[in-house]
C-alpha cells in the first residue's frame, strides 16, 4: 500500500522517552507494531522515544516547551489524519470543538482504561463521558470495564486488553530460594493506591518470614509517602524497603528478585504491573473490584473482596512454597495471551474495520 492510501492514525499522547503515563506507553507499543504497509502513525513529543524515530511509518509532531496547548490545537486542526486515538478532553478539546469546521472529519477511538469509579472529579466525568459517548469506536481494556459501561451507561465497546513485553521480564527458577519471602508492590505513591494497607499486612506476619519491596514515588505532594515511612518506623517494621522510582530495567530485575506480587488499590482499570508480575513468574494478590483478567482465582493468584481475605491469601502464599511456585508458573504460562504482538493484531483488525465505516461523530 503506497503512502497516500495508508490509514493515517494520530495518537493524542505525548510520546516522550521518559513519559511513564500508561496511555503514552500503550500508544507507543501498539503504534510501533501496526503494519507499516497499511498504517502511518503519528505522535506528539518534546523529547521523543528513540524507538519511534527509527520506525519508518512513524511521524513525530514536535511541541514547544511553552504554549504547548496552542501548538497541540493547531496540529489537531491542521494535520491530516483518518483516525484519532486518545482525543483530548481539556482546554485543547475546547479549542478544537469551536474550530473543528476547519478540518476534514476523522474517526475517533477512545480506549476505556478504567472503571467509572476511577475517574476522579465531576468535571472529568462530564468531559470524559462526552468523549466516550461520541467515539466511533470504544475499546475497553477488560470485560469488566466493558460490562460496567454497558450496564450503567448503555455504551457498547470491543474488548482488547493491554499487553506486556514478555521478553523484558521472564520466569526464573525460584525452587532453591531460601530466607525471607520477598513481596513486591509497584505503584504510584498516592492515597488512592491504598499502600498503607501494606503496613497492616506486615504487622500480621513475623518479620523474619517476609521482606517488602515497595517501588513507587509520590507525584507532587509527598505527605502520604513520608507519613507511611514514619508509620513503618514507629511500628518497628524494618523489613519494608521503600525504593522510590525505578526505571523499567530496574523494575524487571526487582520482579525477578521477588516471590509474590501484591496490588493494594481498589480503584483501577487494568494495571500493567499485574501483567509484568505474571511475565516474571509471580503470583499476585489483588482486590476483585476491577477483575484483572490475568489473575485467575486459585490458579495464578488470588482476587479477594476484603482486607482479611487479602492478608490470609498473602499468608497462604508465604507459608506454602509449592503453591506460590505453582501459581507463578501458571501466571507465566498464560501471559503469552497478553503479548503486544497479539494485542496489536487485534487493534489492526478493529481499526481497519472502523476505517471502512461512516463516521458517527461528524
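In my numbering, the protein residues as written are 2 to 363.
Ideal Cβ placement from N, Cα and C applies to all residues, glycine included.
Only a predicted model underlies this, so the values are computations on that prediction, with no experimental measurement involved.
(1) For residue 114, which residues of its own chain have a beta-carbon under 6 Å away from its beta-carbon, when the five flanking residues on both sides are left out?
(2) Hey, how far is the Cα of residue 245 from the Cα of residue 320?
(3) Given a cut-off of 8 Å, decide if residue 35 and residue 44 are closer than it, judged by their beta-carbon atoms.
(4) How close, in whole Å, do the beta carbons of residue 1 and residue 132 come, if the pair is a contact with beta carbons under 8 Å?
(5) Find out if the Cβ-Cβ distance for the pair residue 355, residue 137 is shorter than 8 Å.
(6) Going by beta-carbon coordinates alone, are residue 339 and residue 171 separated by less than 8 Å?
(7) Let me check understanding here. Comparing Cα to Cα, which of 57, 187, 50 and 257 lies closest to residue 282?
(8) Helix, strand or coil for residue 82 per DSSP?
(9) Do residue 200 and residue 233 have their CB atoms nearer than 8 Å?
(10) Examine the Cβ distances between the stretch 322 to 337 and the stretch 148 to 160 and report whether three or more of them are shorter than 8 Å.
(11) From residue 192 to residue 219, what does the alpha carbon distance come to, in whole angstroms?
(12) In the structure shown, what three-state DSSP assignment does residue 207 receive?
(13) How would you call residue 301, buried or exposed, if buried means at least 16 neighbouring beta carbons within 10 angstroms?
(14) Taking 7 Å as the limit between beta carbons, can you name the residues of its chain near residue 56, skipping five residues before and five after?
(15) Need the endpoints of the alpha helix (DSSP H) that residue 317 sits in, please.
(16) Please report the residue range of the beta strand (DSSP E) in which residue 183 lies.
(17) Buried or exposed: where does residue 304 fall if 16 or more other Cβ atoms within 10 Å of its Cβ makes it buried?
(18) In the DSSP assignment, find the alpha helix (DSSP H) that holds residue 349 and state where it starts and stops.
(19) Using 8 Å as the threshold, is the C-beta distance between residue 10 and residue 86 below it?
(20) Keeping to the same chain, check which residues put their C-beta closer than 6 Å to that of residue 109; ignore five residues upstream and five downstream.
(21) Which runs of the alpha helix (DSSP H) at least 4 residues long sit entirely within the stretch 34 to 75? Give them in chain order.
(22) For residue 28, which residues in the same chain have their Cβ closer than 6 Å to its Cβ, ignoring the five residues on either side in sequence?
(23) On the three-state DSSP scale, how would you describe residue 296?
(24) Within 10 Å of its beta-carbon, does residue 194 have 16 or more other beta-carbons around it, so buried, or fewer, so exposed?
(25) Below 8 Å between beta carbons: does that hold for residue 279 and residue 333?
(26) In this structure, does DSSP put residue 87 in helix, strand or coil?
(27) Residue 189: which of 236, 274, 251 and 38 sits nearest, CA to CA?
(28) Who are the near neighbours of residue 144 in its chain, counting only those whose CB is closer than 8 Å to its CB and skipping five residues on each side?
(29) For residue 149, is the classification buried or exposed, using 16 other Cβ atoms within 10 angstroms of its Cβ as the cut-off for buried?
(30) Let me confirm a value: residue 162 is counted as buried when at least 16 other C-beta atoms fall within 10 Å, else exposed. Which label applies?
(31) Taking residue 178 as part of the beta strand (DSSP E), name the residues at either end of that continuous run.
(32) Give me the residue from 49, 226 and 341 with the minimum Cα distance to residue 167.
(33) Between which two residues does the beta strand (DSSP E) holding residue 305 run?
(34) Beta strand (DSSP E) containing residue 139: first to last residue?
(35) Taking 6 Å as the limit between beta carbons, can you name the residues of its chain near residue 102, skipping five residues before and five after?
(36) In angstroms with no decimal places, state the Cα-to-Cα distance between residue 231 and residue 177.
Based on what the coordinates show:
(1) 142 and 270
(2) When rounded, the separation of the alpha-carbon atoms in residue 245 and residue 320 is 28 Å.
(3) Residue 35 sits away from residue 44, with the two beta carbons spaced by 8 Å or more.
(4) Past the edges of the chain, shown from 2 to 363, lies residue 1, and the structure says nothing about it.
(5) Contact check for residue 355 against residue 137 passes: the beta carbons are separated by less than 8 Å.
(6) no
(7) 257
(8) coil
(9) yes
(10) no
(11) 10 Å
(12) coil
(13) buried
(14) Closer than 7 Å at the Cβ level, and outside the excluded window around residue 56, lie 33.
(15) 308 to 320
(16) For residue 183, the uninterrupted beta strand (DSSP E) run begins and ends at 182 to 187, by DSSP.
(17) Flag for residue 304 reads buried.
(18) 341 to 356
(19) yes
(20) So the list reads 85, 88, 136, 137 and 362, once near-sequence residues are dropped.
(21) Counting only runs of 4 or more residues that sit fully inside the stretch 34 to 75, the alpha helix (DSSP H) segments are 51 to 55, in chain order.
(22) 12 and 14
(23) coil
(24) With 16 or more other CB atoms across the displayed protein chains lying within 10 angstroms of its CB, residue 194 is buried.
(25) yes
(26) coil
(27) Of 236, 274, 251 and 38, the residue nearest in Cα terms is 274.
(28) 160, 292 and 294
(29) buried
(30) buried
(31) Careful: residue 178 lies outside any beta strand (DSSP E) and carries neither H nor E.
(32) 341
(33) It spans 302 to 305 - the beta strand (DSSP E) in which residue 305 sits, taken as one unbroken run.
(34) Unbroken beta strand (DSSP E) run through residue 139: 138 to 141.
(35) Per-residue confidence for residue 102 stands at a pLDDT of 49, beneath the threshold of 50, marking its modelled position as unreliable; the derived number appears in the next sentence. Hits under 6 Å: none found.
(36) 35 Å
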